[in-house]
Amino acid sequence: MQGTNAAVYEVVDFQRDVLEASYRIPVLVDFWAPWCGPCQILGPVLERLAQKYAGKWKLVKVNTDEHPELAMQYGVRGIPAVKLFVKGEVVGEFVGALPEYAIEQWLAEVLPDENRARLEQIEQLLEEGKLTEAEPLLRKLLTADPGNNKARVLLARIRVFDDPDEAERLLQNLDLAEAAYLQQIESIRTLIRLLRRKDQAETLPEGPGREPYRQAIEALARKDFDTAVERLIDVLRKDRYYDDDGARKAGVALFTVLGARHPVTQRWRRTFDMWLY
Numbered sequence: 001m002q003g004t005n006a007a008v009y010e011v012v013d014f015q016r017d018v019l020e021a022s023y024r025i026p027v028l029v030d031f032w033a034p035w036c037g038p039c040q041i042l043g044p045v046l047e048r049l050a051q052k053y054a055g056k057w058k059l060v061k062v063n064t065d066e067h068p069e070l071a072m073q074y075g076v077r078g079i080p081a082v083k084l085f086v087k088g089e090v091v092g093e094f095v096g097a098l099p100e101y102a103i104e105q106w107l108a109e110v111l112p113d114e115n116r117a118r119l120e121q122i123e124q125l126l127e128e129g130k131l132t133e134a135e136p137l138l139r140k141l142l143t144a145d146p147g148n149n150k151a152r153v154l155l156a157r158i159r160v161f162d163d164p165d166e167a168e169r170l171l172q173n174l175d176l177a178e179a180a181y182l183q184q185i186e187s188i189r190t191l192i193r194l195l196r197r198k199d200q201a202e203t204l205p206e207g208p209g210r211e212p213y214r215q216a217i218e219a220l221a222r223k224d225f226d227t228a229v230e231r232l233i234d235v236l237r238k239d240r241y242y243d244d245d246g247a248r249k250a251g252v253a254l255f256t257v258l259g260a261r262h263p264v265t266q267r268w269r270r271t272f273d274m275w276l277y
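Going left to right, the sequence shown walks through residues 1 to 277 as the UniProt record's numbering numbers them.
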């Protein structure tokens, strides 16, 4: 392998330089050609990034004029074509001369990440309603990666009933755009607002839904979720839009925070939804 620097190489033996090497470190392969204008734009950007992230991944350049068999083997139909290899397999790719910031975003999504794998495991536990098992894993992850916003949202899901103030602190100054996490954040905040009304029953609006609504809030505070949903359904039956549609918002928030496979969600979601329509 011929290297222009420590992180950028021209391919000599693809099996050795890319496939075998990718078991030790992710390998970004740039399929390019000297006559390709966009390749001349993208190449320096990739080389600069390879230097910036040296040790996390390396760049191998494949001149398709010199190695047409590799371009054919990996389905390269247009260049520049960039493919990321991990453990001998392509795990991500793009075509064209993307700007540097877009490439960094793409790399953040496709590069192997131990914390991301742990987060996926924790999300699975939460969807199954195993909050007790998930909490120590989340705290350990946040100790190692304090800026992990997704982990902060998941921990807030767990802490909202025991400590709404902590849950609120965890949600401060988050920078997340993924719809699934935005929904969780809104659900947690809905529950925080509701739980803080536990000792403010006098502030609840008058109406036939007031008493079951108060009882639902108290049940949420003691984590008696079955009773909470029953009382919320009572509110829907007696006063559908009580407290600015509060019962619907509370029920949806609760099911979101508990997770789709939590026993309470599975027992009550269908019945709850029937009373909405």
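Glycine is no exception: its CB is placed at the ideal position from the N, C-alpha and C atoms.
Assumed close pair residue i, residue j - CB separation to whole angstroms, cut-off 8 Å
i: V153; j: L171; result: 7 Å
i: R222; j: Q184; result: Actually they are not in contact, since the Cβ atoms of R222 and Q184 sit about 22 Å apart, beyond 8 Å.
i: F272; j: G246; result: Actually they are not in contact, since the Cβ atoms of F272 and G246 sit about 14 Å apart, beyond 8 Å.
i: A228; j: L220; result: 5 Å
i: G259; j: E47; result: Contact flag wrong, Cβ pair sits at about 45 Å.
i: D239; j: P208; result: 5 Å
i: E218; j: K198; result: 6 Å
Between the CA atoms of residue j and residue i - distance to the nearest angstrom
i: D224; j: D145; result: 33 Å
i: L204; j: Y53; result: 56 Å
i: K83; j: E135; result: 36 Å
i: V8; j: Q121; result: 34 Å
i: A253; j: E186; result: 8 Å
i: V11; j: E66; result: 10 Å
i: R210; j: P164; result: 22 Å
i: H262; j: E230; result: 16 Å
i: W106; j: L195; result: 40 Å
i: L241; j: Y277; result: Just to set this straight, residue 241 is Tyr in the shown sequence, not Leu. C-alpha separation (whole angstroms): 12 Å.
i: Q200; j: L232; result: 18 Å
i: P212; j: W275; result: 15 Å
i: R77; j: L126; result: 42 Å
i: L182; j: R214; result: 27 Å
i: G55; j: W35; result: 31 Å
Cβ pair residue i, residue j closer than 8 Å
i: K249; j: T190; result: yes
i: I25; j: W57; result: yes
i: A108; j: E93; result: no
i: A216; j: I188; result: no
i: R118; j: L155; result: no
i: V75; j: L19; result: It is worth fixing the name first, because residue 75 is Gly in this sequence and not Val. No, these two residues do not count as a Cβ contact at 8 Å.
i: V29; j: F85; result: yes
i: F14; j: T64; result: no
i: D226; j: V264; result: yes
i: A33; j: V27; result: no
i: R269; j: F255; result: yes
i: N173; j: N148; result: no
i: L59; j: A50; result: yes
Given residue i as reference, the closest of the options once Cα atoms are compared
i: V90; options: E100, L111, N148, L98; result: L111
i: G37; options: I192, G96, D175, R169; result: G96
i: I192; options: R210, A180, R169, A201; result: R169
i: E123; options: G78, E69, A180; result: A180
i: K130; options: R16, V257, W275, L276; result: V257
i: E100; options: L126, I41, P68, E69; result: I41
i: K61; options: G78, D17, E133; result: D17
i: D43; options: Q73, P68, I79, Y23; result: Per the sequence shown, residue 43 should be read as Gly rather than Asp. It is I79 whose Cα lies nearest to the Cα of G43.
i: L98; options: V45, Y23, T143, E206; result: V45
i: D162; options: D175, T132, T143, L176; result: T132
Interface flag, residue i vs chain D, CB-CB below 8 Å
i: G43; result: This model lacks chain D altogether; it includes just one protein chain.
At 4 residues or longer, and completely inside the UniProt domain "Thioredoxin" (1 to 112): list those alpha helix (DSSP H) runs for me, N to C.
-> 37 to 52, 68 to 73, 100 to 110
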